[in-house]
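Visitor: Questions regarding the structure given below will be posed in turn.
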Amino acid sequence: MSNKILEIKDLKVFYESPSSLFRTKSVVKAVNGVNININQGETFGLVGESGSGKSTVAKAVLNLVKSQSGTISLENEDLLNLKGKSLRRAQKDIGAIFQDPYSSLNPRMKVKDIISEPLKVQGKRDIDQDVKKLLKIVGLDQSMDNRFPHEFSGGQRQRIGIARAVSTNPKLIICDEPVSALDVSVQAQILNLLKDLQKNLNISYLFIAHDLSVVKYLSMNIGVMYLGKIVEMSDSETIFSNPMHPYTKILINSVPVPDPKIERKKKFNPIQGDIPSAANPPSGCVFRTRCPSPSKECKEGKSEMGLIEVQPGHWVDKCCLNCK
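Under the working numbering, the first residue of the sequence shown carries the number 2, and numbering increases by one thereafter.
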């Protein structure tokens, strides 16, 4: 039986947007009732457009934003109820890799200081050898530890960020769009590195991205997020072979196919309009304003949302099952 590392239950993260001359104060429902389970050594991919709330989920796990309700449990210990030393002790088991390798590293710090910072926070001493070992693990020369970030390429900087993330031997790493700012060839190298680290260190990943092809390569399970809610969730193979939510179908259809003959035959129906504001979401089903073929009840905003299990391990929003 798999060991559950992370369990998120009914997570809600709301912001209060400031009022202005033309706008009254409102509540932004960035994350509205999200449930996620990640087992040891597995990757859960969270996908969706910008503004869907996926990065806010990551920030909530990292304790960077306040959650209104729900639980975030790391090995059955609710992080939202921890404070002080107990929270810091739990946080050493969670690493983070950020999107921009240029802004996520302090330009005034040497590589050895960047990588060793989490170790120092944990009270470790004589860590020079640890830094050299970490550089080797991520595929960088050990002699690079005295250099500054500006002396490295984007891919090398992301490797430094990965070395920092694994420095405390975490059980879970939050990967928030870790390859979207990199060239395609470099993306493949970083993804392969993450796979190797997972295999060798038995790390779990919460992998956040908007590119489904990237998520497919790394993830065992996938959740598709739209306007603060997960609208479909299953294992990677099922999501790609049998997508049931119209939003998932559109996202998968937008993934390029290497074979030009197949690509030309694809019927591409792009999603219409922009994602609505989380401060003023549509009534009923939040996807109804962009759904290509909503049911009558859905179109009128009278339907209710909620995931139902259509087959073992495959969850889909119940409203959109009626949309053809």
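The beta-carbon is built from N, C-alpha and C at its ideal position, and this holds for glycine as well.
Could you round the C-beta distance between Leu219 and Leu252 to whole angstroms and report it? I think they count as a contact, below 8 Å.
Guide: At roughly 16 Å, the Cβ-Cβ gap does not stay under 8 Å, so Leu219 and Leu252 are not in contact.
Visitor: Within 10 angstroms of the Cβ of Asp177, are there 16 or more other Cβ atoms? Answer buried if so, exposed if not.
Guide: Counting Cβ neighbours within 10 Å, Asp177 comes out buried, since at least 16 surround it.
Visitor: What three-state label does DSSP hand Gly52 in the structure shown?
Guide: In this structure, Gly52 counts as coil in the three-state DSSP scheme.
Visitor: By DSSP, does Ser74 sit in helix, in strand, or in coil?
Guide: Residue state, collapsed to three classes: strand.
Visitor: Give the DSSP-derived three-state secondary structure of Met2 in the structure shown.
Guide: Any reading at Met2 must be qualified, since the residue scores a pLDDT of 45, below 50, and its modelled position is unreliable; the value itself is stated next. Residue state, collapsed to three classes: coil.
Visitor: Taking the alpha-carbon positions, what's the Thr239 to Ile37 distance?
Guide: Approximately 17 Å, taken between the alpha carbons.
Visitor: So, using beta-carbon positions, are Val62 and Leu202 closer together than 8 Å?
Guide: No, these two residues do not count as a Cβ contact at 8 Å.
Visitor: May I have the straight-line CA-CA distance separating Met2 from Ile39, to the nearest angstrom?
Guide: Annotation note: pLDDT 45 at Met2 (below 50); position unreliable, no value reported.
Visitor: Within 10 Å of its beta-carbon, does Gly54 have 16 or more other beta-carbons around it, so buried, or fewer, so exposed?
Guide: Answer is buried; the Cβ neighbour count reaches 16.
Visitor: Roughly how many whole angstroms lie between the Cα atoms of Val317 and Lys30?
Guide: Whole-angstrom Cα-Cα distance: 21 Å.
Visitor: Going by other Cβ atoms of all chains shown within 10 Å of its Cβ, with 16 needed for buried, is Glu310 buried or exposed?
Guide: Per the 10 Å Cβ criterion, exposed.
Visitor: Glu305 to Asp127, Cα distance in whole Å?
Guide: In a straight line, the C-alpha of Glu305 is about 58 Å away from that of Asp127.
Visitor: Report yes if the CB atom of Pro108 is closer than 8 Å to the CB atom of Pro150, and no otherwise.
Guide: Their beta carbons are under 8 Å apart, which means Pro108 touches Pro150 by this criterion.
Visitor: Considering just the uninterrupted stretch of the alpha helix (DSSP H) at Gly156, what are its terminal residues?
Guide: Looking at the DSSP string, the run of the alpha helix (DSSP H) that includes Gly156 is Gly155 to Val167.
Visitor: Are the CB atoms of Ile276 and Glu50 within a distance shorter than 8 Å?
Guide: Result yes, Cβ atoms of Glu50 and Ile276 sit closer than 8 Å.
Visitor: Whose C-alpha, out of Leu106, Pro19, Leu47 and Lys13, is nearest the C-alpha of Met1?
Guide: With the chain running from 2 to 325 in the structure shown, residue 1 is simply not present.
Visitor: Straight-line CA distance for Phe288 to Ser154?
Guide: Cα-Cα distance, rounded: 40 Å.
Visitor: One question on the structure: do Arg148 and Lys111 come within less than 8 Å of each other, judged by their Cβ atoms?
Guide: Yes, Cβ-Cβ distance for Arg148 and Lys111 is below 8 Å.
Visitor: In this structure, does DSSP put Lys113 in helix, strand or coil?
Guide: If DSSP states are grouped into helix, strand and coil, Lys113 belongs with the helices.
Visitor: Which of the three DSSP states, helix, strand or coil, is assigned to Ala279?
Guide: Looking at Ala279 - three-state DSSP - the assignment turns out to be coil, as it is neither helix nor strand.
Visitor: Hey, would you say Lys10 sits closer than 8 Å to Thr72, going by beta carbons?
Guide: Yes; because the gap between Cβ atoms is below 8 Å, this pair is in contact.
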